[in-house]
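Student: Letter 378 of the sequence shown, counting from 1, is numbered 381 in my numbering, and no numbers are missing. Glycine included, C-beta positions come from ideal geometry on N, C-alpha and C. All values reported here derive from a predicted model rather than from experimental measurement.
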Amino acid sequence: MSSGNAKLWGGRFAESTSALVEKFSESVSFDSRLYRQDIRGSQAHARMLAKVGVLSAEDAQRIVAGLDTILERIESGHFEWSEKLEDVHMNIEARLTEDIGDAGKRLHTGRSRNDQVATDLRLYVRDVIDDLVELIGRLEGALLDLAEREADTVMPGFTHLQIAQPVTFGHHMLAWREQILRDRTRLLDCRKRMNLLPLGSAALAGTVYPIDRHYTAELLGFDGVTENSLDTVSDRDFAIEFCAAASLILVHLSRWSEELILWSTPMFGFVDLPDRFCTGSSIMPQKKNPDVPELVRGKTGRVIGNLQALLVLMKGQPLAYNRDNQEDKPPLFDTVDTVSICLQVYAEMVPHIAVKRDNCRAAAAKGFSTATDLADYLVKKGLPFRDAHHAVGSAVGHAAQKGCDLSDLSLEELRQFSPLVENDVYERITLEGSLNARNHYGATAPAQVRAAIARARAAR
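1) Does the stretch 272-285 come close enough to the stretch 351-363 that 3 or more CB-CB pairs lie under 8 Å?
2) Scan the stretch 347-424 and note each continuous alpha helix (DSSP H) run of 4 residues or more that stays entirely inside, going in chain order.
3) For Asp-238 and Met-197, what's the separation of their Cα atoms in angstroms?
4) What did DSSP end up calling Pro-1 once you bin it into helix, strand or coil?
5) Going by DSSP in three states, Asp-275 sits in which element: helix, strand or coil?
6) Could you give the residue range of the beta strand (DSSP E) that holds Leu-161?
7) With DSSP as the reference, identify every bridge partner of Gln-168, one or two as the case may be.
8) Determine contact between the stretch 255-268 and the stretch 312-323, defined as no fewer than three beta-carbon pairs at a distance below 8 Å.
9) Have a look at Val-306, Ala-394, Gly-56 and flag the residue whose alpha-carbon is nearest the alpha-carbon of Asp-340.
10) Taking Cβ to Cβ, would you say Val-157 is nearer than 9 Å to Arg-364?
11) Residues in the same chain with beta-carbon distance under 6 Å from Ser-3, minus the five sequence neighbours each way, listed in chain order, please.
12) By Cβ distance below 6 Å, which residues in the same chain neighbour Asp-275 in space, the five residues on each side in sequence not counted?
13) Under the rule that 16 or more other beta-carbon atoms within 10 Å means buried, what is Thr-162, buried or exposed?
14) Over the uninterrupted alpha helix (DSSP H) stretch that includes Asn-439, give me the two end residues.
15) Ends of the alpha helix (DSSP H) at Lys-108?
16) Assess, as a yes-or-no matter, whether the stretch 144-152 is touched by the stretch 95-109 under the definition of 3 or more beta carbon pairs within less than 8 Å.
17) In or out: Cys-407 buried (at least 16 other Cβ within 10 Å) or exposed?
18) Could you compute how far the alpha carbon of Ala-394 sits from the alpha carbon of Val-136?
19) Buried or exposed for Met-176, please, with buried defined as at least 16 other CB atoms from any protein chain shown within 10 angstroms of its CB.
20) Would you kindly report the start and end of the unbroken alpha helix (DSSP H) that includes Gln-64?
21) Among all the DSSP beta bridges, which residues are the ones paired with Leu-200?
22) Pull up the distance between the alpha-carbon of Pro-159 and that of Ala-374, whole angstroms please.
23) Cutting at 6 Å between CB atoms, please list the residues of its own chain near Gly-203, excluding the five before and the five after it.
24) Taking the alpha helix (DSSP H) that Leu-265 falls in, what are its first and last residues?
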């Protein structure tokens, strides 16, 4: 008997696999993390085979019990993974057969590694999505708490990174929340779309055994079964879709990071990040570097790159399964790990962000942030908007020359630019007046911020 036959697929081959090829082609060094999903899938498959009479009840019981023992060994660190057995599936099956004999050899009846790995990956991504949705919930709660704490804190809103109009810090945190709410719904949409059972597709053309796919789907918590075996074994859309959703999560966290990095500089001075989330300089004693936001911003490129890797991996593949698809796991796994740790550190950091309220307010008072409110005031007095825009622009130029804000101009000075200005103008061009003037659903007034927070808490 040639040593090549020691492989689970080795009957066809007359010589052993090259040691170099074994090292080149193995995947167990990274796909061993699928062991829980592989064991769950195999146990469900064995129970189904027993239900339809392909396996005896005794063999199915031995298989299920044997896989439970292997699971305990793996989780206790007493399972030896072998590169010679290529992947997680063959490692577990070989050990099972070693433990329980011929019953282990019957487990693979009616399935292929092609539909087996497709099932494992869907179970894995489904589990990951559930974990990430929980993490997003933690982060959302932290943002709501910070928004409530800073509902009255006036700060400048920016467009083009130039001071635009006054908002509140609480309103800004609710904007961050909106982004991760969309992230959560994208993950849940992805979960729903992928939650169909691949098992039963076998290598590419189904199986001759009288399997009950719907029973297996029920055991594994799938909503139904896939319809086309050719597509099923080669489909990695769900992994790509997950990585696209994950990329958007990191893009959002990266945008937050950019703001926190700016806000924590002395030039802005809006926030102080907790010391335990920062580091110092090896040469400059005064430095407090925002390493966590910077690293999140940097790791975003990795996750976007992983998405590109999967898209390129799939773009030229004919139906059905190709060995190329072994390379889907490193970018997928790296994306999972990166997104998870980034969400964790943000959920831990956000509650401890210290907002420098006086600095935020002082910045909001610069840059003529209430100019639009003055223009709207004149429109309500009957002036066409374009004329109001021109008049306020002239008033801003005058205030800039004097080195003061619009609200510091006297009534007589303001009336130089429009005779419609009256004493009530100062109710609109102060920071609080500006905020309260835009007092509608989703607006920036502190009362409306608190109302939005209350609605958000009620919806959780």
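Tutor: Here's the rundown:
1) yes
2) 360-367, 374-383, 388-405, 414-418
3) 10 Å
4) Nothing can be reported for residue 1: it is not among the residues displayed for the chain, which extend from 4 to 463.
5) strand
6) Reading off the sequence shown, one finds Phe at residue 161, where the question assumed Leu. That run of the beta strand (DSSP E) goes 157-162.
7) Gly-160
8) no
9) Val-306
10) yes
11) Summary: the structure shown does not reach residue 3, with the chain confined to residues 4 through 463, and so no result is reported for it.
12) Ala-357
13) exposed
14) 434-440
15) 105-109
16) no
17) exposed
18) 50 Å
19) buried
20) 60-79
21) Val-228
22) 13 Å
23) Ile-214, Arg-216
24) 240-266
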